[in-house]
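Asks: The structure's right below; bear with me while I get my questions together.
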Amino acid sequence: MTTDASRATGLTPTALQHLVDSGRAPRVLDVRTPGEFRTVHIPGSYNVPLDTLREHRAELLAHLDEDVVLVCRSGARAAQAEQALAEAGLPNLRVLDGGMMAWETAGAPVNRGEARWDMERQVRLVAGSIVLATGLVGVLVPGVHLIGTAIGAGLTYAALSNSCMMGVLLSKLPYNRGPRTDIRTVIASLRDRS
Numbered sequence: 001m002t003t004d005a006s007r008a009t010g011l012t013p014t015a016l017q018h019l020v021d022s023g024r025a026p027r028v029l030d031v032r033t034p035g036e037f038r039t040v041h042i043p044g045s046y047n048v049p050l051d052t053l054r055e056h057r058a059e060l061l062a063h064l065d066e067d068v069v070l071v072c073r074s075g076a077r078a079a080q081a082e083q084a085l086a087e088a089g090l091p092n093l094r095v096l097d098g099g100m101m102a103w104e105t106a107g108a109p110v111n112r113g114e115a116r117w118d119m120e121r122q123v124r125l126v127a128g129s130i131v132l133a134t135g136l137v138g139v140l141v142p143g144v145h146l147i148g149t150a151i152g153a154g155l156t157y158a159a160l161s162n163s164c165m166m167g168v169l170l171s172k173l174p175y176n177r178g179p180r181t182d183i184r185t186v187i188a189s190l191r192d193r194s
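Letter 1 of the sequence shown, counting from 1, is numbered 1 in my numbering, and no numbers are missing.
So this is what it looks like as structure tokens:
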């Protein structure tokens, strides 16, 4: 477990852009899904989805001996990645404040690919559709509305715990997966940058 003293510090998009412009760019690990990464990412960043990072953190550790900035959509997954890498013993970790949303809002450069719905929007669509459908069907079939109540309870838990099981499940769909991240390719890219 990490201590408060070893926790990552945040890095603003402006500060990261300044480091990049001055030639002192840290290694940027984007822990979103490959599908999210393909849609938009920071130039020069490496896609290491959170699940892959957790599974292969020992292998990654040998190639991340300098400053590392962790990025996701808003900062939640990056904080989880920070904890996993800090527990493995990696110092000099930072999380991009506000994630890709803040990076784009700041007008910082991005590489764009095929547009797709982000995970939060997909969760809202699925959850809202289930609640709507069970509410309508519940008029005719007693008890069906309780499914919508269960979805509401799950979303409340997701907000309080800063996790989302529906998002995790949706990330497994082919639409969100994109090409599978090959850890050997990522490590080779990290090694080549040295």
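For each residue, glycine too, the CB sits at the ideal point set by N, CA and C.
From a predicted model like this one, the values you see are computed outputs, not experimental measurements.
#1: Have a look at Val28 and Leu155 and give me their C-alpha separation to the nearest angstrom.
#2: Mind checking who Leu132 pairs with in its DSSP beta bridge?
#3: Please report how far the alpha carbon of Leu132 lies from the alpha carbon of Arg73, in whole angstroms.
#4: Would you call the CB atoms of Leu70 and Glu82 closer than 7 Å?
#5: Using the Cβ count rule (16 or more neighbours within 10 Å means buried), how would you classify Thr3?
#6: Label Thr105 either buried or exposed according to how many other C-beta atoms from any shown protein chain fall within 10 Å of its C-beta, with 16 as the threshold for buried.
#7: Between Ala58 and Tyr175, what straight-line distance do the alpha-carbon atoms span, to the nearest angstrom?
#8: Less than 8 Å between C-beta atoms, sequence neighbours within five positions excluded: which residues of the same chain meet that for Gly135?
#9: Quick one: is Arg7 buried, meaning 16 or more other Cβ sit within 10 Å of its Cβ, or exposed?
#10: Taking the beta carbon of Met119 as the centre, do at least 16 other beta carbons fall within 10 Å, making it buried, or is it exposed?
#11: From which residue to which residue does the beta strand (DSSP E) around Leu215 run?
#12: Output needed for Thr181: all residues of its chain with C-beta closer than 8 Å, excluding positions within five of it in sequence on either side, in chain order.
#13: In terms of alpha-carbon separation, which member of Glu114, Leu11, Glu66 lies closest to Glu36?
#14: Measuring alpha carbon to alpha carbon, tell me which residue in Met101, Val110, Pro91, Arg121 is nearest Leu170.
#15: By DSSP, does Arg32 sit in helix, in strand, or in coil?
#16: How close, in whole Å, do the beta carbons of Leu93 and Leu85 come, if the pair is a contact with beta carbons under 8 Å?
#17: Less than 7 Å separating the beta-carbons of Gly167 and Val123?
#18: Helix, strand or coil for Ser189 per DSSP?
Replies: In short, the structure shows the following:
#1: 30 Å
#2: Partner(s): none; Leu132 has no beta bridge.
#3: 27 Å
#4: yes
#5: Model confidence at Thr3 stands at a pLDDT of 41, short of 50, so the residue's coordinates are unreliable and nothing is read from them.
#6: exposed
#7: 29 Å
#8: His145, Gly148
#9: Low confidence applies here, because Arg7 scores a pLDDT of 49, under 50, leaving its location unreliable; read the following figure in that light. It counts as exposed.
#10: buried
#11: This structure does not reach residue 215, given that the chain is present from 1 up to 194, and the question cannot be answered.
#12: Pro34, Asn47, Val48, Pro49, Thr52
#13: Glu114
#14: Arg121
#15: coil
#16: 6 Å
#17: yes
#18: helix
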